[in-house]
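Residue numbers (the UniProt record's numbering): 1 to 318.
A virtual CB, placed ideally from N, CA and C, is assigned to each residue, including glycine.
Following this line, the structure appears as structure tokens:
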């Protein structure tokens, strides 16, 4: 359907286009003689029909969106169908979603499990109990769905949602060991150790022999100890003083050990300076320490080279 405003706009637009066409034609009639540009003037008033249709469609969509914002004319058939269901039928459908979520959770498909748990909780927005028995049944089913949803959110690392769902379950049952256990794990994953310890102590007071709670107690203690150690290491790295490092020990070359020679280089200044080294220190001359040992080593090497050369000559003589 086209509104009156759109119809008037289309009429006005068509009138303007016709006026422009008539003006161009009148100009052509008034002018005489041949002008090769005259044939192209009539195209200035031409507009693409596809472009006009696109503009009209955009205007229509904009008008429809504006009318939808000012009125409540969207489809309510799904909500009406849900409202027409009886309370037992709604509870049965919620339990069906819960069991489907449990199956997906058992197979490790946590996102799909969360999807079904969420759908089950949506139904509770449209459930109104008529008797006390229905209210008790509704609260018990909702608590189980909330706990399963919270545990599923721990698996998907949505810790905030897990803590929220566990807290909502505790509003229905303040002594729920499972809710305390899940919320304690959520607080531990957020490094909120004090809150986790409070919930864990309450759960252990209600079920002191539960193996899962005992295991979580040990995990929490280990996490707290590791957190303290890491904090100390970080503080030492940021504000601690640099520890003195051990000086590397000089090594002796293996080729000089057999000759009783040591050519180790000492970079530390000696406490006392020998009399023979005073001139070297004062006048920045090269040190002569180890000079005689080096000269004797070179002499032995030269003698060995001469001997080898003599042997080679004697072998090659005829």
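Using a Cβ-Cβ cut-off of 7 Å (strictly less than) and excluding sequence neighbours within five positions of residue i, which residues of its own chain qualify?
i, result
"residue 137", "91"
"residue 216", "181, 184, 185, 200"
"residue 19", "none"
"residue 258", "Confidence at residue 258 is low in this model, with a pLDDT of 42, below 50, so its placement is unreliable and no value can be given for it."
"residue 231", "none"
"residue 126", "82, 83, 90"
"residue 299", "none"
Using the C-alpha atoms, what's the distance from residue j back to residue i?
i, j, result
"residue 169", "residue 55", "54 Å"
"residue 191", "residue 120", "31 Å"
"residue 103", "residue 115", "12 Å"
"residue 228", "residue 83", "55 Å"
"residue 96", "residue 175", "26 Å"
"residue 205", "residue 66", "59 Å"
"residue 6", "residue 22", "24 Å"
"residue 10", "residue 64", "17 Å"
"residue 145", "residue 86", "20 Å"
"residue 147", "residue 94", "14 Å"
"residue 208", "residue 178", "13 Å"
"residue 59", "residue 81", "35 Å"
"residue 212", "residue 224", "18 Å"
"residue 304", "residue 292", "18 Å"
"residue 218", "residue 210", "13 Å"
"residue 52", "residue 30", "31 Å"
"residue 214", "residue 222", "13 Å"
"residue 57", "residue 13", "15 Å"
"residue 131", "residue 122", "21 Å"
By Cβ distance below 8 Å, which residues in the same chain neighbour residue i in space, the five residues on each side in sequence not counted?
i, result
"residue 220", "184, 188, 193, 196, 197, 200"
"residue 159", "153, 186, 189, 190"
"residue 135", "129"
Quick check on residue i: buried or exposed, where buried means 16 or more other Cβ atoms within 10 Å of its Cβ?
i, result
"residue 149", "buried"
"residue 162", "buried"
"residue 157", "exposed"
"residue 302", "exposed"
"residue 264", "The pLDDT assigned to residue 264 is 37, lower than 50, so where the model puts this residue is not dependable, and the model offers no usable value."
"residue 110", "buried"
"residue 98", "buried"
"residue 117", "buried"
"residue 166", "buried"
"residue 234", "exposed"
"residue 8", "exposed"
Determine the DSSP secondary structure at residue i, reduced to helix, strand or coil.
i, result
"residue 156", "coil"
"residue 22", "helix"
"residue 128", "coil"
"residue 176", "coil"
"residue 208", "coil"
"residue 302", "helix"
"residue 190", "coil"
"residue 139", "helix"
"residue 199", "helix"
"residue 50", "helix"
If you drop the 5 nearest sequence neighbours on each side, which residues of the same chain put their C-beta closer than 6 Å to that of residue i?
i, result
"residue 202", "180"
"residue 113", "101, 104, 105, 152"
"residue 124", "142"
"residue 61", "none"
Please find out if some non-hydrogen atom of the ligand MN comes closer than 7 Å to the beta-carbon of residue i.
i, result
"residue 26", "Of ligands this structure carries none, so the ligand MN is not represented either."
In chain order, which alpha helix (DSSP H) runs of at least 4 residues are fully inside the stretch 55–123?
Runs of the alpha helix (DSSP H) inside the stretch 55–123: 77–83, 87–106, 110–123.
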